[in-house]
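> Dropping a structure here in structure tokens format, bear with me for questions.
There are 2 protein chains.
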Amino acid sequence: MDDKINLAEKVRALHEHWSPGIVGYFNDCTLAVVRVQGEFVWHKHDDTDDFFLVLDGNLTIQLRDRDVELAAGEIFVVPRGVEHCPKAKEEAHVLLIEPRGTVNTGAAGGDLTAAEVEI
Amino acid sequence: MDDKINLAEKVRALHEHWSPGIVGYFNDCTLAVVRVQGEFVWHKHDDTDDFFLVLDGNLTIQLRDRDVELAAGEIFVVPRGVEHCPKAKEEAHVLLIEPRGTVNTGAAGGDLTAAEVEI
Chain A
452 MDDKINLAEK VRALHEHWSP GIVGYFNDCT LAVVRVQGEF VWHKHDDTDD FFLVLDGNLT
512 IQLRDRDVEL AAGEIFVVPR GVEHCPKAKE EAHVLLIEPR GTVNTGAAGG DLTAAEVEI
Chain B
452 MDDKINLAEK VRALHEHWSP GIVGYFNDCT LAVVRVQGEF VWHKHDDTDD FFLVLDGNLT
512 IQLRDRDVEL AAGEIFVVPR GVEHCPKAKE EAHVLLIEPR GTVNTGAAGG DLTAAEVEI
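Protein chains in written order, with the working numbering: chain A, 452 to 570; chain B, 452 to 570.
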């Protein structure tokens, strides 16, 4: 993990939706890529913002009062404590940044809760 | 700064090389875009890693023992304390992430030291 990270190559190593693969670290944060399709689960992170950069495709970040529509090359940072639910009609690829140990589903839990896995 | 960030649009708002524009925040970090061309200055950051994601073009991160060649869609994280000097033969566009208050030239200083500016 001490060399450059080709994001498209890393995405090709992923086989399941909503299961991020850790591709590197930046200070106390993990850098992860994820394939998404369909709807995730409503959740929030009380102790951290949530960083999304769309690499390919389109992603909707549903907030309780509006939807944020993201295309490739667009970032949205969900402020800490704000409930959100990502969804994508077609498959999209996303770069995530979050503090090490952050649970992807926050306190919501459920089947989509993923372990931290390096790829 | 509470809405989505279109990185290509933000880059169009930049007019000087090596002068990053802050496009958002993630926890204690700034998210910034920068246009680069030519050679920067050798420097290091003793207290933080240095995150580079190439958005367009090609970027070389010179380390003392090797060069890391990055194309669009590739990330390199320079570990804290490691001397490096970015350079680009043709103009390239880069996303930077660093703790708020990080000086772009580290302790090296000089003419390329840039203020933190939101765009």
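Even glycine gets a Cβ: it sits at the ideal position worked out from N, Cα and C. Here the structure is a predicted model, which is why all the values come from computation and not from measurement.
#1: Is K495/B helix, strand or coil by DSSP?
#2: Quick check: the stretch 488-500 of chain B against the stretch 524-542 of chain B, are at least 3 beta-carbon pairs closer than 8 Å?
#3: Does the Cβ of E467/A have 16 or more other Cβ atoms within 10 Å, making it buried, or fewer, making it exposed?
#4: Under 8 Å between C-beta atoms, does E569/A make it to chain B?
#5: For I456/A versus E525/B, is the C-beta distance shorter than 8 Å?
#6: Assign E460/B to one of three DSSP states: helix, strand, or coil.
#7: Using alpha carbons as the reference points, say which of V519/A, H544/A, L546/A, A543/A lies closest to E534/A.
#8: Between T553/B and chain C, is there a C-beta pair that is closer than 8 Å?
#9: Quick check: is the beta carbon of I548/B nearer than 8 Å to any beta carbon in chain A?
#10: Going by beta carbon distance, what residues of the same chain come within less than 8 Å of G552/A, once the five residues before and after it are set aside?
#11: Counting C-beta neighbours from all protein chains within 10 Å, is the total for A539/A 16 or more, i.e. buried, or is it exposed?
#12: Determine the extent of the beta strand (DSSP E) in which R486/B is found, giving its start and end residues.
Result, derived from the coordinates:
#1: Taking the second sequence and counting its residues from 1, the one referred to as residue 495/B is at position 44. Look at K495/B here: in three-state DSSP terms it is coil, with no helix or strand label.
#2: The answer is yes - the stretch 488-500 of chain B touches the stretch 524-542 of chain B, with three or more Cβ pairs under 8 Å.
#3: The residue labelled residue 467/A in the question sits at position 16 within the first sequence. Burial call: exposed.
#4: As a working mapping, residue 569/A is identified with position 118 in the first sequence. False, the Cβ-Cβ gap to chain B never drops below 8 Å.
#5: The sequence position of residue 456/A within the first sequence is 5, counting from 1. The sequence position of residue 525/B within the second sequence is 74, counting from 1. A contact, by the Cβ cut-off of 8 Å.
#6: On the second sequence, residue 460/B is found 9 positions in, with the first residue counted as 1. Three-state result, E460/B: helix.
#7: Mapped onto the first sequence, residue 534/A falls at position 83. Of V519/A, H544/A, L546/A, A543/A, the smallest CA-CA separation from E534/A is found for V519/A.
#8: Protein chains in the displayed structure are A and B, and chain C is not among them.
#9: For the purposes of this step, residue 548/B is taken as the residue at position 97 of the second sequence. So yes, I548/B belongs to the interface.
#10: The count along the first sequence starts at 1 and reaches residue 552/A at position 101. Once the five neighbours on either side are set aside, the close Cβ partners of G552/A are E567.
#11: Position 88 of the first sequence, counted from the start, is the residue given in the question as residue 539/A. Burial call: buried.
#12: Locating residue 486/B in the second sequence gives position 35, where the first residue counts as 1. Unbroken beta strand (DSSP E) run through R486/B: 480-490.
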